[in-house]
Amino acid sequence: MICNSRLSKFILAFVLLTGVVTAQEKVYFDIKTTFEEKAELLPVELGTTLVFSQSDWAGILEIGEDYCIFMRNYRRKEINQAVFISLDIELRKPGTFKAGEILGNRTVRLKINRDNTVSSATELYNLVKSGFDISENDYHNETIIIGKVIEKTAWTLYRSIQGNRTNFSTLIPARI
789 MICNSRLSKF ILAFVLLTGV VTAQEKVYFD IKTTFEEKAE LLPVELGTTL VFSQSDWAGI
849 LEIGEDYCIF MRNYRRKEIN QAVFISLDIE LRKPGTFKAG EILGNRTVRL KINRDNTVSS
909 ATELYNLVKS GFDISENDYH NETIIIGKVI EKTAWTLYRS IQGNRTNFST LIPARI
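For what it's worth, the numbering used here labels the leading residue of the sequence shown as 789, then goes sequentially.
1. Please name the residue or residues paired with G892 in a DSSP beta bridge.
2. Pick helix, strand or coil for K886, following the three-state DSSP scheme.
3. Please classify I851 as buried or exposed, where buried requires at least 16 neighbouring CB atoms within 10 angstroms.
4. In terms of residues, what are the limits of the beta strand (DSSP E) holding G951?
5. Pick helix, strand or coil for F840, following the three-state DSSP scheme.
6. Would the beta-carbon of I877 fall within 8 Å of that of T822?
7. For E825, which residues in the same chain have their Cβ closer than 7 Å to its Cβ, ignoring the five residues on either side in sequence?
8. Quick one: grab the DSSP three-state call for K826.
9. Rounded to a whole number of angstroms, what is the C-alpha to C-alpha distance between V937 and I819?
10. Could you tell me if L875 is buried or exposed, where buried requires 16 or more neighbouring beta carbons within 10 angstroms of its beta carbon?
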């Protein structure tokens, strides 16, 4: 009976340790912008940070990151009930005091229809009230939608430099 107990504990410990060893580690990013666009991109940076903080595969670090996500050339235009956004995303090697080497880049363009949404102030209040809990069914805040698109783009760029072009598993609807 003692041998079975020890064997059971050994098997349990082995399974737990094996699970820890084979678990996929997160990839950590630092989000950067140009100095000139810092104020304009601050809401996008906040939304991206919130999305990455709840991601299964990615996280945010200021020091010790694996890669840098560099955002630039942000353009936002409202026409009728839609917001049109264009943003250049660069995946870079980490750089301490200067921008690291570019590993890949994409221009993100999206249209967000705003027919059934409340004001952005109300959306932000609801986001804070929920403890910054963003669920797959609740992407009503413009900055969260952009953050999700940046996460998808970062995944695509990361996988392309790894030699695997697998697509991101979930796509976020652009209509809110």
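Even for Gly, the Cβ is constructed at its ideal location relative to N, Cα and C. Remember, predicted model here, so these are calculated numbers, not experimental data.
Inspection of the coordinates gives the following:
1. In the sequence shown, the residue the question calls residue 892 occupies position 104. The partner list for G892 (beta bridge, DSSP) reads L879.
2. Looking up residue 886 in the sequence shown gives position 98. Coil, per DSSP.
3. Counting from one through the sequence shown, the residue named residue 851 turns up at place 63. That one is exposed.
4. Taking the sequence shown and counting its residues from 1, the one referred to as residue 951 is at position 163. Here G951 belongs to no beta strand (DSSP E), and DSSP marks it neither H nor E.
5. Here residue 840 corresponds to residue number 52 of the sequence shown, with the count starting at 1. Of the three classes helix, strand and coil, the one that applies to F840 here is helix, per DSSP.
6. Your numbering for residue 877 matches position 89 in the sequence shown. Your numbering for residue 822 matches position 34 in the sequence shown. No, these two residues do not count as a Cβ contact at 8 Å.
7. By one-based count along the sequence shown, residue 825 stands at place 37. The residues are R860, Y862.
8. By one-based count along the sequence shown, residue 826 stands at place 38. The answer is helix: DSSP assigns K826 an H, G or I state.
9. As a first step, residue 937 must be located in the sequence shown, where it is residue number 149. As a first step, residue 819 must be located in the sequence shown, where it is residue number 31. Distance between the alpha carbons of V937 and I819 is about 14 Å.
10. Your numbering for residue 875 matches position 87 in the sequence shown. Classification for L875: buried.
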